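Using UniProt numbering, the letters of the sequence shown correspond one by one to residues 1 to 460.
Note that the Cβ used here is the ideal one computed from N, Cα and C, for glycine as well.
Bear in mind that the values here come from a model prediction, so they are computed numbers and not experimental data.
Everything below concerns the one structure shown next.
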Amino acid sequence: MTDRSPADVEALSDTARDHLWMHFTRLSAYRDNPVPVITRGDGCYVWDSTGRRYLDGLSALFVVQTGHGRHELAEAAAKQASELAYFPIWSYAHPKAIELAGRLAGMAPGDLNRVFFTTGGSEAVESAWKLARSFFKHTGKPLKTKVISRAVAYHGSSMGALSITGIPPFKQDFEPLVPSTMRVPNTNYYRRPDENMTPERFGVWAADRIAEMIEFEGPDTVAAVYLEPVQNAGGCFPPPPGYFQRVREICDRYDVLLVSDEVICAFGRLGEYFGADRYGYQPDIITVAKGLTSGYVPLGAMIASDRLAEPFLTGANWFAHGITYGGHPVGSAVALANLDIMEREGLNQHVQKNSPLFRSYLERLLDLPIVGDVRGDGYFFGIEMVKDKATKETFNADESERLLRGFLSTALFEAGLYCRADDRGDPVIQLAPPLTATESQFAEIEQILRSVLTEAQNRL
Numbered sequence: 001m002t003d004r005s006p007a008d009v010e011a012l013s014d015t016a017r018d019h020l021w022m023h024f025t026r027l028s029a030y031r032d033n034p035v036p037v038i039t040r041g042d043g044c045y046v047w048d049s050t051g052r053r054y055l056d057g058l059s060a061l062f063v064v065q066t067g068h069g070r071h072e073l074a075e076a077a078a079k080q081a082s083e084l085a086y087f088p089i090w091s092y093a094h095p096k097a098i099e100l101a102g103r104l105a106g107m108a109p110g111d112l113n114r115v116f117f118t119t120g121g122s123e124a125v126e127s128a129w130k131l132a133r134s135f136f137k138h139t140g141k142p143l144k145t146k147v148i149s150r151a152v153a154y155h156g157s158s159m160g161a162l163s164i165t166g167i168p169p170f171k172q173d174f175e176p177l178v179p180s181t182m183r184v185p186n187t188n189y190y191r192r193p194d195e196n197m198t199p200e201r202f203g204v205w206a207a208d209r210i211a212e213m214i215e216f217e218g219p220d221t222v223a224a225v226y227l228e229p230v231q232n233a234g235g236c237f238p239p240p241p242g243y244f245q246r247v248r249e250i251c252d253r254y255d256v257l258l259v260s261d262e263v264i265c266a267f268g269r270l271g272e273y274f275g276a277d278r279y280g281y282q283p284d285i286i287t288v289a290k291g292l293t294s295g296y297v298p299l300g301a302m303i304a305s306d307r308l309a310e311p312f313l314t315g316a317n318w319f320a321h322g323i324t325y326g327g328h329p330v331g332s333a334v335a336l337a338n339l340d341i342m343e344r345e346g347l348n349q350h351v352q353k354n355s356p357l358f359r360s361y362l363e364r365l366l367d368l369p370i371v372g373d374v375r376g377d378g379y380f381f382g383i384e385m386v387k388d389k390a391t392k393e394t395f396n397a398d399e400s401e402r403l404l405r406g407f408l409s410t411a412l413f414e415a416g417l418y419c420r421a422d423d424r425g426d427p428v429i430q431l432a433p434p435l436t437a438t439e440s441q442f443a444e445i446e447q448i449l450r451s452v453l454t455e456a457q458n459r460l
């Protein structure tokens, strides 16, 4: 319910339209239409300023792992703010950042024992690149500066992170960007180059393209490879069997750092605290943000191996990098409380148990002509839409515009489901509900998707 009058609701929308520069938004879309204003959340649901309820099928932005309305997290923030609201970790420390760093080091795989805090994912990704460059300069390999990432992969919006991103339309307005980043094929098995490839063969093929790129650029010039455990942009591409193990071997062969970008995938999204554990590989760096605090306060981190910290532990050497709000006391306190909830309620185990059921509900949609593929893992799935299921023919740019922005995004929201209709690769719908979601939410998602996708097919 809401106590806002229609005039109040209209005033909120008008002020948003006139003054709030919304991110990644076509502002012209709201010239003659009201701006949706979300005012509260509880569990897997959010409400707008008119009092209407929506199922949050995207955890806001792959963020709200433990669900909306957690008073425990709000109380942790208030308690810390009253005790120590802010102090930097530039040559000093405070208890919550210390405790959180120790806890993350204990959770992270292998010898990833050094935690560098940021305020978000882009900063974590950029910090990892700066560390890779600085490390190699301090260890006698100053030419190792380049980064390899995958086609259509999104790694952030700051200039360095955007340079690593593999989505040309996101980059063109800001070029020239930081040089020396290259792209290799992603792990979209549905669009594999040879239909006869098994998942294992496809994994070898995709991993070997990384080795090929390192050789082409020169092994003495490549510093790092950035990979998400499940690639987000393009629609939730899981790794083929053996893919990450082969990538690890390639990185070791050429002395290239493997950066596991887990800004989305960490903290339960795949049923483990880290995607590297889910798929059994050892990165040199993990980047995290989003689910670390379930979004109640901004916080991110770069978690690095002992080897990478070694050059900075003696003499006058230092990692000349810092962020004002990195390791913020309130963010650290909320992160600790968020991890407490995940452990106490067994949310990783909950995702592991229920992921097959979630997938089964989504796979029911494969009987629709417009649904070509359902893929993903954990509580992180993508549905690729096609014009012709038999040939896998996709939509052209105009058709995709009309389908996604002209119909699907609005229709799904109006039907009560907040999710993502995305055309950064082939047209997909992405789903990533809070980790507390159960069968009732899966059924609701499937019902709404079936109705809206059926209407979309009829319109086409």
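- Bounds of any beta strand (DSSP E) do not take in S440; it lies within the alpha helix (DSSP H) bounded by E439 to R459.
- Boundaries around W47 are those of the beta strand (DSSP E), Y45 to D48, since no alpha helix (DSSP H) includes it.
- A distance below 8 angstroms separates the beta carbons of Y418 and D56.
- In this structure T165 is buried. Its beta-carbon is surrounded by 16 or more other beta-carbon atoms within 10 angstroms.
- Contact check for G376 against V204 fails: the beta carbons are separated by 8 angstroms or more.
- Apart from the 5 residues on each side of it in sequence, K171 sits with its Cβ closer than 7 angstroms to the Cβ of L162, T165 and L177 in its chain, given in chain order.
- If you ignore the 5 residues before and after F135, its C-beta comes within less than 7 angstroms of the C-beta of L308 and P311, all in its own chain and listed in chain order.
- Look at the beta carbons and you see the stretch 274–281 touching the stretch 241–248: at least three pairs across the two are nearer than 8 angstroms.
- The closest CA to that of H328, considering only D173, A153 and L100, is found on L100.
- DSSP places V125 within a helical segment (H, G or I) once states are collapsed to three.
- At a Cβ-Cβ threshold of 8 angstroms, A266 and G291 count as neighbours.
- With fewer than 16 other CB atoms across the displayed protein chains lying within 10 angstroms of its CB, A320 is exposed.
- Around the beta carbon of L270, 16 or more other beta carbons lie within 10 angstroms, which makes this residue buried.
- The alpha-carbon of P199 is positioned some 21 angstroms away from that of Y379.
- A Cβ-Cβ distance of about 6 angstroms is found for the pair M182 and E217, placing them in contact under the 8 angstroms criterion.
- Among the bridge pairs identified by DSSP, R53 is matched with W47.
- With 16 or more neighbouring CB atoms inside 10 Å of its own CB, T436 falls in the buried class.
- For V351, same chain residues with a beta-carbon under 7 angstroms away, outside a window of 5 residues either side, are G268, G271, G378, Y379 and L435 in chain order.
- Closest in C-alpha terms to Q65, from the list H19, E444, N348 and S158, comes N348.
- Here R114 has A105, I303, A304, S305, D306, L308 and A309 as same chain residues with Cβ atoms under 8 angstroms from its own Cβ, once five neighbours each way along the sequence are excluded.
- Using a Cβ distance threshold of 8 angstroms, E446 and Y361 count as a contacting pair.
- Look at the stretch 242–276 and you find these whole runs of beta strand (DSSP E), each 3 residues long or longer: 257–261.
- Residue burial annotation: F87 is exposed, with fewer than 16 other C-beta atoms found within 10 angstroms of its C-beta.
- DSSP, read as helix, strand or coil, puts I164 in helix.
- Secondary structure remark: continuous beta strand (DSSP E) runs of at least 3 residues inside the stretch 314–381, in chain order: 371–377.
- If you keep only unbroken beta strand (DSSP E) runs of at least 3 residues inside the stretch 384–429, you get 420–422.
- L431 has F381 as its beta-bridge partners, per DSSP.
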